[in-house]
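K.L.:
Have a look at the structure that comes next, please.
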Amino acid sequence: MRVQVVCLHGVSVSLLAMTLGCWRGLGVLGLVAPLPWVLSSNSASLQVVNHDTRRFRFALPSPQHILGLPVGQHIYLSARIDGNLVIRPYTPVSSDDDKGFVDLVIKVYFKDTHPKFPAGGKMSQYLESMKIGDTIEFRGPNGLLVYQGKGKFAIRPDKKSSPVIKTVKSVGMIAGGTGITPMLQVIRAIMKDPDDHTVCHLLFANQTEKDILLRPELEELRNEHSARFKLWYTVDRAPEGESGPRRGAFCLHGLLGCSRWGCVREEGSEGSRHHWGLNARRPPPGPQAFPCLRRPSLGSLRGRSPGPVLGSRVVAVCTS
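In full-length UniProt numbering, the protein residues as written are 1 to 320.
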């Protein structure tokens, strides 16, 4: 059964029939009015985050509606582009505390920017071209992981399997670029519950310091919940004005409460190498925080699924 609803701003929303506890098609949602640089409580919109990243806001059927997406799950956007159906997964940065809208932070892959991908991203460029009032179809929820609160994760090895419950005391997260969005979703859910004592450790990688997405939100969470949320940044290129080796650089920021960038020396089987990091004598977080983190390289992790679960710790890997 399909129900046709006319919502605010004159946008027509098509909803699919739902089964109890599960929605497969939220329907067609409309992009609404332009967002000012400072978001007000009653505005909704499209916001330029940086040179290639946008924050899109889509209206739900009414100001009282919530998306109802389980924590750890994502949605799919689908659209006909050049005659072909294109479907892409995204994790909202808004939550069920936000009524009447859904926010997505999306990196736009423009054509003729990357030599290996001259056509750019089909869906991201399509979203970039949308006008206020245009619509797109949302589907979901989807994903193999659901955070149930108080350190409890329901994890399915595959789509056909029943979930396995894992209870953890700390969560280690590694994210790159827009891969921060599913991490932020889980972190917010943990931090908003004062009875949830799970500790989150996040290592967030970007090309430059200017590319760090959602930094104000992350640092606000860190400042308000410093005992439960530990945050580190890494960048490929050192900030302006910093001296030291530039080629193959790797930066760490926020380690052990430090706020400076600097050059650190890495000793290993391949000999000595220099990386951009903090001027600190103590090493980065060890295996107790990131059991699977052995070398500072997200490139080698690209394409791997979140996991694994080790003892009382969960390591999540998500790269853009």
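Every residue gets a Cβ at the ideal spot worked out from N, C-alpha and C, and that includes glycine.
If you run the structure through DSSP and keep just helix, strand and coil, what is Pro-141?
P.N.:
Your numbering for residue 141 matches position 141 in the sequence shown. The three-state reading of DSSP puts Pro-141 in strand, counting E and B together.
K.L.:
With 16 as the cutoff for other CB atoms within 10 Å, does Gln-73 come out buried or exposed?
P.N.:
Taking the first residue of the sequence shown as position 1, residue 73 is located at position 73. Buried, since its Cβ has 16 or more Cβ neighbours within 10 Å.
K.L.:
Measuring CB atoms only, is the region 222-235 touching the region 190-205, in the sense that at least three cross pairs come out at less than 8 Å?
P.N.:
yes
K.L.:
Got a sec, what are the start and stop residues for the beta strand (DSSP E) Lys-152 sits in?
P.N.:
The residue you call residue 152 lines up with position 152 of the sequence shown. Note, Lys-152: beta strand (DSSP E), 152-155.
K.L.:
Taking buried to mean at least 16 other C-beta atoms within 10 Å of its own C-beta, is Val-48 buried or exposed?
P.N.:
As a working note, residue 48 is residue 48 in the sequence shown. Answer is exposed; the Cβ neighbour count stays below 16.
K.L.:
Leu-77 to Lys-160, Cα distance in whole Å?
P.N.:
Against the sequence shown, residue 77 aligns to sequence position 77. Against the sequence shown, residue 160 aligns to sequence position 160. The straight-line gap from Cα to Cα measures roughly 23 Å.
K.L.:
Is it the case that the Cβ atoms of Val-93 and Tyr-147 are separated by a distance below 8 Å?
P.N.:
For this step, residue 93 is matched to residue 93 along the sequence shown. For this step, residue 147 is matched to residue 147 along the sequence shown. No, the pair does not count as a contact, with Cβ atoms beyond the cut-off.
K.L.:
Are Glu-137 and Arg-54 touching if we call contact CB-CB under 8 Å?
P.N.:
Working through the sequence shown from its first residue, we reach residue 137 at position 137. Working through the sequence shown from its first residue, we reach residue 54 at position 54. No. Outside cutoff.
K.L.:
Ala-119: buried (16+ other C-beta within 10 angstroms of its C-beta) or exposed?
P.N.:
If you number the sequence shown from 1, residue 119 lands on position 119. By the neighbour-count rule (16 or more Cβ atoms within 10 Å), Ala-119 is not buried but exposed.
K.L.:
Give the straight-line distance between the Cα atoms of Ile-75 and Leu-69, rounded to the nearest whole angstrom.
P.N.:
Residue mapping note: residue 75 aligns to position 75 of the sequence shown, counting from 1. Residue mapping note: residue 69 aligns to position 69 of the sequence shown, counting from 1. In this structure, the straight-line span from the alpha carbon of Ile-75 to that of Leu-69 is close to 8 Å.
K.L.:
Count the other C-beta atoms from every protein chain shown that fall within 10 angstroms of the C-beta of Pro-182, then say buried if there are 16 or more, exposed otherwise.
P.N.:
Start at 1 with the first residue of the sequence shown, and residue 182 comes out as number 182. Buried, because 16 or more other Cβ atoms sit within 10 Å of the Cβ of Pro-182.
K.L.:
Within this structure, are the beta carbons of Ile-155 and Val-164 separated by less than 8 Å?
P.N.:
Within the sequence shown, numbered from 1, the residue matching residue 155 stands at position 155. Within the sequence shown, numbered from 1, the residue matching residue 164 stands at position 164. Going by C-beta atoms, Ile-155 is nearer than 8 Å to Val-164.
K.L.:
Going by beta-carbon coordinates alone, are Lys-111 and Val-86 separated by less than 8 Å?
P.N.:
By one-based count along the sequence shown, residue 111 stands at place 111. By one-based count along the sequence shown, residue 86 stands at place 86. Against a cut-off of 8 Å, the Cβ pair of Val-86 and Lys-111 comes out as no contact.
K.L.:
Just to confirm, are residue 343 and Trp-232 a CB contact at a threshold of 8 Å?
P.N.:
Not covered by the structure: residue 343. The range shown for the chain is 1 to 320.
K.L.:
Give every residue of the same chain whose Cβ lies closer than 6 Å to the Cβ of Val-235, excluding the five residues on either side of it in the sequence, and list them in chain order.
P.N.:
As a first step, residue 235 must be located in the sequence shown, where it is residue number 235. Closer than 6 Å at Cβ, skipping near neighbours: Asn-206, Thr-208, Glu-209, Cys-251.
K.L.:
Can you name the start and end residues of the beta strand (DSSP E) that Val-199 belongs to?
P.N.:
Here residue 199 is taken as the residue at index 199 of the sequence shown, counted from 1. Segment 199-206, the beta strand (DSSP E) holding Val-199.
K.L.:
Mind checking whether Tyr-126 and Ile-106 have CB atoms under 8 Å apart?
P.N.:
Residue numbering aside, residue 126 sits at position 126 when the sequence shown is read from its first letter. Residue numbering aside, residue 106 sits at position 106 when the sequence shown is read from its first letter. No, these two residues do not count as a Cβ contact at 8 Å.
K.L.:
Whole angstroms is fine: what's the gap from Pro-63's alpha carbon to Asn-223's?
P.N.:
For the purposes of this step, residue 63 is identified with residue 63 of the sequence shown, where counting begins at 1. For the purposes of this step, residue 223 is identified with residue 223 of the sequence shown, where counting begins at 1. In this structure, the alpha-carbon of Pro-63 lies about 31 Å from that of Asn-223.
K.L.:
If you reduce the DSSP assignment to three classes, tell me which class Lys-210 lands in.
P.N.:
Locating residue 210 in the sequence shown gives position 210, counting from the first residue. Three-state result, Lys-210: helix.
K.L.:
Closest by CA to Thr-178, which one among Lys-152, Ser-124, Ile-66?
P.N.:
Reading the sequence shown from its first residue, position 178 is the one you call residue 178. Considering only alpha carbons, the answer is Ser-124.
K.L.:
For Asn-142, I'd like the list of residues in its chain whose CB is within less than 8 Å of its CB, leaving aside the five on either flank, ordered along the chain.
P.N.:
Walking along the sequence shown from the start, residue 142 turns up at place 142. Contacts found: Gln-73, His-74, Ile-75, Tyr-76, Pro-89.
K.L.:
Starting from the Cα of Ile-187, find the closest Cα among Leu-218, Gly-176, Asp-211, Lys-166 and give me that residue.
P.N.:
Taking the first residue of the sequence shown as 1, we reach residue 187 at position 187. Comparing alpha carbon positions, the residue from Leu-218, Gly-176, Asp-211, Lys-166 closest to Ile-187 is Leu-218.
K.L.:
Looking at the unbroken beta strand (DSSP E) that takes in Ser-78, where does it start and where does it end?
P.N.:
Mapped onto the sequence shown, residue 78 falls at position 78. That run of the beta strand (DSSP E) goes 74-81.
K.L.:
Assign Phe-117 to one of two classes, buried (16 or more other C-beta atoms within 10 Å of its C-beta) or exposed (fewer than that).
P.N.:
Residue 117 sits at position 117 when you count from the first residue of the sequence shown. Exposed.
K.L.:
Pick helix, strand or coil for Pro-182, following the three-state DSSP scheme.
P.N.:
Taking the first residue of the sequence shown as 1, we reach residue 182 at position 182. Three-state DSSP puts Pro-182 in a helix.
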